[in-house]
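Have a look at the structure below, then the notes.
In my numbering, the protein residues as written are 276 to 416.
Written as structure tokens, this is what we have:
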């Protein structure tokens, strides 16, 4: 048991020493994602769209190796080093290819850190999702 803790501590120390190579994600810049993907707007709510049709619900998944507290906190990604914007941009681009001009009800990112196999260094899973919409022209009176 004591040897396992030592290995985890060593892995954590090495990972923190390489901190310049880590991605410390915390929030998602929705404007940047809209700009990258070519969508007009991305919002976590319903937005102010009055006349639109949903083109579909889109989601993305990423998994890799990270540092954190098992089942509580993912502090930093080690591999792959993708930002929250990168994952949501993939989802938004998929929505755009399906005919969407904007996205509503977006969940920018959610993370789950398992700590498997080394405790403080282990597998993580990130998810992002949202509903693509195509805005309709206003009806003529």
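Where a beta carbon is used, it is the ideal one built from N, C-alpha and C, also for glycine.
What does DSSP give as the partner residues of residue 388 in its beta bridges? As a beta-bridge residue in DSSP terms, residue 388 pairs with 399.
Classify residue 323 as helix, strand or coil using the three-state DSSP reduction. Reduced to three states, the DSSP call for residue 323 is coil.
Just to confirm my understanding: we take residue 381, look at its own chain, exclude 5 residues before and 5 after, and list those with CB closer than 6 Å. What are they? Shown here for residue 381: same chain residues with a beta carbon closer than 6 Å to its own, the five before and five after excluded, namely 317, 319, 405 in chain order.
Which runs of the beta strand (DSSP E), 3 residues or longer, sit entirely within the segment 347 to 373? If we require 3 residues or more, the beta strand (DSSP E) runs fully inside the segment 347 to 373 come out as 348 to 354.
Looking at the structure shown, is residue 305 part of a helix, part of a strand, or coil, going by DSSP? Three-state result, residue 305: helix.
Nearest to residue 303 (by Cα), restricted to the options 402, 326, 396, 410: From the listed residues 402, 326, 396, 410, the smallest Cα separation to residue 303 is found for 402.
Determine, using beta carbons only, whether residue 408 and residue 372 come nearer to each other than 8 Å. No, the pair does not count as a contact, with Cβ atoms beyond the cut-off.
Under a three-way DSSP split, which group does residue 408 fall into? Three-state DSSP puts residue 408 in a strand.
Measuring alpha carbon to alpha carbon, tell me which of 332, 375, 339, 361 ends up nearest residue 305. For the set 332, 375, 339, 361, the Cα lying nearest the Cα of residue 305 is the one of 361.
Just to check my reading of the structure: residue 352 and residue 341 have Cβ atoms closer than 8 Å, yes? What is that Cβ distance to the nearest angstrom? Taking 8 Å as the upper bound for CB-CB distance, residue 352 and residue 341 are in contact here, some 5 Å apart.
Nearest-angstrom Cα separation, counted from residue 354 out to residue 397: When rounded, the distance between both Cα atoms is 10 Å.
Determine the direct distance from the alpha carbon of residue 308 to that of residue 338, and round the result to whole angstroms. Their Cα atoms are separated by approximately 20 Å.
Presumed contact (8 Å Cβ cut-off) between residue 422 and residue 364, rounded CB distance: Outside the displayed span of the chain (276 to 416) sits residue 422, for which this structure offers no information.
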